[in-house]
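Chains as they are written, first to last, in the UniProt record's numbering: chain A, 1 to 253; chain B, 1 to 253. A virtual CB, placed ideally from N, CA and C, is assigned to each residue, including glycine. Source: prediction; values computed, not measured. Heads up, the thing below is written out as structure tokens.
2 protein chains.
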Amino acid sequence: MTEAKNPVQAVQRTLDVLDVLRATGGARVTEVAREVGVSKGTVHCHLATLEENGYVIKEGNEYKLGLRFIDLAHHAKDRIGIFDVTTSEVDTLAEESGELALFTVEEEGEGICLYTAEGENAVRTEIYVGYRNNLYHTAVGKAMLAHMAEEKRDRLIAHMEFEQLTPRTITDEYVLREELEAIREEGIAYNHGETIQGLVGAGAPIRDQDGTVYGAVSIIGPVRRMGEERLEGEIPEMIRRAVNIIEINITSL
Amino acid sequence: MTEAKNPVQAVQRTLDVLDVLRATGGARVTEVAREVGVSKGTVHCHLATLEENGYVIKEGNEYKLGLRFIDLAHHAKDRIGIFDVTTSEVDTLAEESGELALFTVEEEGEGICLYTAEGENAVRTEIYVGYRNNLYHTAVGKAMLAHMAEEKRDRLIAHMEFEQLTPRTITDEYVLREELEAIREEGIAYNHGETIQGLVGAGAPIRDQDGTVYGAVSIIGPVRRMGEERLEGEIPEMIRRAVNIIEINITSL
DNA sequence: CACGATCGTTTTGCCCTACCAAACATTTAT
DNA sequence: ATAAATGTTTGGTAGGGCAAAACGATCGTG
Numbered sequence: 001m002t003e004a005k006n007p008v009q010a011v012q013r014t015l016d017v018l019d020v021l022r023a024t025g026g027a028r029v030t031e032v033a034r035e036v037g038v039s040k041g042t043v044h045c046h047l048a049t050l051e052e053n054g055y056v057i058k059e060g061n062e063y064k065l066g067l068r069f070i071d072l073a074h075h076a077k078d079r080i081g082i083f084d085v086t087t088s089e090v091d092t093l094a095e096e097s098g099e100l101a102l103f104t105v106e107e108e109g110e111g112i113c114l115y116t117a118e119g120e121n122a123v124r125t126e127i128y129v130g131y132r133n134n135l136y137h138t139a140v141g142k143a144m145l146a147h148m149a150e151e152k153r154d155r156l157i158a159h160m161e162f163e164q165l166t167p168r169t170i171t172d173e174y175v176l177r178e179e180l181e182a183i184r185e186e187g188i189a190y191n192h193g194e195t196i197q198g199l200v201g202a203g204a205p206i207r208d209q210d211g212t213v214y215g216a217v218s219i220i221g222p223v224r225r226m227g228e229e230r231l232e233g234e235i236p237e238m239i240r241r242a243v244n245i246i247e248i249n250i251t252s253l
Numbered sequence: 001m002t003e004a005k006n007p008v009q010a011v012q013r014t015l016d017v018l019d020v021l022r023a024t025g026g027a028r029v030t031e032v033a034r035e036v037g038v039s040k041g042t043v044h045c046h047l048a049t050l051e052e053n054g055y056v057i058k059e060g061n062e063y064k065l066g067l068r069f070i071d072l073a074h075h076a077k078d079r080i081g082i083f084d085v086t087t088s089e090v091d092t093l094a095e096e097s098g099e100l101a102l103f104t105v106e107e108e109g110e111g112i113c114l115y116t117a118e119g120e121n122a123v124r125t126e127i128y129v130g131y132r133n134n135l136y137h138t139a140v141g142k143a144m145l146a147h148m149a150e151e152k153r154d155r156l157i158a159h160m161e162f163e164q165l166t167p168r169t170i171t172d173e174y175v176l177r178e179e180l181e182a183i184r185e186e187g188i189a190y191n192h193g194e195t196i197q198g199l200v201g202a203g204a205p206i207r208d209q210d211g212t213v214y215g216a217v218s219i220i221g222p223v224r225r226m227g228e229e230r231l232e233g234e235i236p237e238m239i240r241r242a243v244n245i246i247e248i249n250i251t252s253l
């Protein structure tokens, strides 16, 4: 995120208010005011303005996010040209593997899940369309990091704040860089339970002929069904095939 | 939309800016400034603040909606408890009919499409998830209007501004009220090409045991494949069955 | 490649307005 | 029924949002 020189304070307030509504799933004036750290009156005016525009709706005295965001989300997705091309292949990955398959892109140094497809035995995770996470501890994240332009990778890594989510999480820049090198050689990135213990996965980037990274797809599942043999055997095979088809379709766009 | 007594002007500005980005699919400072009617400097500060929060991203000198909206959209959708229950039945409707099937809810007097499923021969329309339209000229809209609480219906109708989209569009309050009465008796609402000439459909509301309207589902298609016999025969039959299953599942929530 | 034109960004100062505190209205709890 | 808590509105003030202009970067063109 570039730092704004002259931020509009009132806008920042409103965004903070919206974030409280997002995090709580609906809140009342007093609760929002306490959370954001401003007076009740101020919060009320902000919520009223947002409501007038359909960004917030009021049920009784509880304010919630309005459905207008769904409209904006659709238009934001429009920017991802390869979306439609990708989803059908992710569906196939989920069906073939029986696991959870994901399509993720990078924005401002975060991985943003844009599509999920659940196979027969798919794990239940908190991942949803729009879910954001760090790049250094996921298969898709590392896949994208490994293949993006070097200067961008350096910039993103420089700003990373590593957090030890599980015993396997990489928390060192140079360990990460070594793994990225291995990923570039093999073409597949793995998550060996680095986000959630017992949850593993494999992913690969989607690139055009110039090498520009558009996103990544992955298959994730419990380690008990995804032993070494499968995780480094048929799963990468499925992913490679899917990526190949997607990349061919990109070219014709 | 309730009218705000003390709207926050700067927030309204920002929302106007976002709306320009939505409508244009990405714009530059000067263009946004002209469109919104404020100075370049002001627009720049707003965009910078939005960018800092991930709501807008900058590609070169063009600003576009950020993927953060996808996250917010997901949380907004959470409010619709029947969402997951409904989508699988809408999929079935699309497959059975081969046409386009929709799930729509009402918010602030507008119909908002929350899910679409395309059958084999589905028409290509501009309808997308998040798409908003008026209630008086669609099957889902009339279905919801017909079955909602009387006072709410009166209020919504009182604020309607009828527009003659096609020769068949209802533009008179009392003609609409008569049709709603017929819809309540039959249980199915029709769109006889009132939105787009040649595009017809049938829909029905989803209600709980108290009669509260949660939304509506519909099947729409070209009149050449949806003649009177089919539109008032097997199509309503499919819809009735789907609604029945959804309503049973609601009860168990 | 140079030059002008256009656009993006930053600065400045003024006027407005976003904010808080408090009063008032409404709802909730006991 | 009464009190306590919350939602909404009001007024005054100080901080900030705004337009205009200067500055800097970029684009297009001859």
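query: Interface residues of chain B facing A:His74 [CB-CB closer than 7 Å]; result: Tyr128, Val129 and Gly130
query: Beta carbon proximity, A:Glu89 to chain B, threshold 8 Å; result: no
query: Beta-ladder partner(s) of A:Ala206, from DSSP; result: The amino acid at residue 206 of chain A is misidentified as Ala; the sequence shows Ile. Answer is A:Gly215, bridged to A:Ile206.
query: Pairwise C-alpha distance: A:Lys152 and A:His46; result: 37 Å
query: Residue environment, A:Gly81, which counts as buried when at least 16 other CB atoms sit within 10 Å; result: exposed
query: Under 9 Å by beta carbon: chain A residues contacting B:Asn6; result: Gly41, His44, Cys45, Ala48 and Thr49
query: Proximal chain A residues relative to B:Gly54, where beta-carbon distance stays under 9 Å; result: Met1, Glu107, Glu108, Glu110 and Arg132
query: Backbone secondary structure at A:Pro236 - three-state DSSP; result: helix
query: Whole-number beta carbon distance between B:Gly141 and B:Gly187, since they are thought to touch under 8 Å; result: That belief does not hold up - the Cβ atoms of B:Gly187 and B:Gly141 are roughly 16 Å apart, past 8 Å.
query: Chain-ordered chain A contacts of B:Lys152 [CB-CB under 7 Å]; result: Residues of chain A passing the Cβ test: none, with the nearest at roughly 14 Å.
query: Which listed residue (A:Asn133, A:Glu62, A:Val8 and A:Tyr131) has its alpha carbon closest to that of A:Thr24; result: A:Glu62
query: Given B:Leu114 as reference, the closest of B:Asp78, B:Leu165 and B:Asn249 once Cα atoms are compared; result: B:Asp78
query: Proximity of B:Leu231 and B:Tyr190 at Cβ, strictly below 8 Å; result: yes
query: Nearest-angstrom Cβ-Cβ length linking A:Thr171 and A:Gly193, presumed shorter than 8 Å; result: 14 Å between Cβ atoms; not a contact.
query: Straight-line gap, B:Val213 to A:Ala73 (C-alpha atoms, nearest Å); result: 25 Å
query: Residues near B:Thr169 in its chain [Cβ-Cβ closer than 6 Å; skip 5 each side]; result: His137 and Glu194
query: Neighbourhood of A:Pro222 by C-beta distance below 7 Å, restricted to the same chain and skipping five residues each side; result: Val123, Gly198 and Leu199
query: Any C-beta of chain B under 8 Å from that of A:Thr14; result: yes
query: Cutoff 7 Å; reference A:Thr14; Cβ partners in own chain excluding five residues on either side; result: His46 and Leu50
query: Proximal chain A residues relative to B:Phe69, where beta-carbon distance stays under 7 Å; result: Phe69, Leu72, Ala73 and Ala76
query: Nearest residue (CA-CA) to B:Ala204, options B:Leu93, B:His44 and B:Met226; result: B:Leu93
query: Min CB distance B:Val32 to chain A below 8 Å; result: no
query: Residues of its chain near A:Ala146, where Cβ-Cβ distance is below 6 Å and the 5 sequence neighbours each way are ignored; result: Leu180, Ile183 and Arg184
query: Beta bridge counterpart(s) of B:Ala189 as assigned by DSSP; result: B:Gly203
query: Cross-chain neighbours of A:Gly25 in chain B, by beta carbon under 7 Å; result: His75 and Asp78
query: Inside the stretch 100 to 166 of chain B only - beta strand (DSSP E) runs reaching at least 3 residues; result: 100 to 107, 110 to 118 and 132 to 134
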